[in-house]
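Using full-length UniProt numbering, count along the sequence shown one by one with no gaps and you end on 33.
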Amino acid sequence: MVAEGVVLIVVSIGVHHLSAWLERWDYERHCED
1 MVAEGVVLIV VSIGVHHLSA WLERWDYERH CED
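This is the structure:
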């Protein structure tokens, strides 16, 4: 189904943005020390 492909793409993009945000947040947190 097309819907399954769309969901897979949305999830992969979401995970990519989430991991990038977590890396930036962790980097900023370390800089504050």
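Beta carbons: idealized from backbone N, C-alpha and C, even for Gly.
At the level of alpha carbons, what is the spacing between residue i and residue j?
i, j, result
"ALA3", "ILE13", "15 Å"
"ALA20", "GLY5", "23 Å"
"ARG24", "VAL10", "21 Å"
"MET1", "VAL7", "10 Å"
"VAL15", "ASP26", "16 Å"
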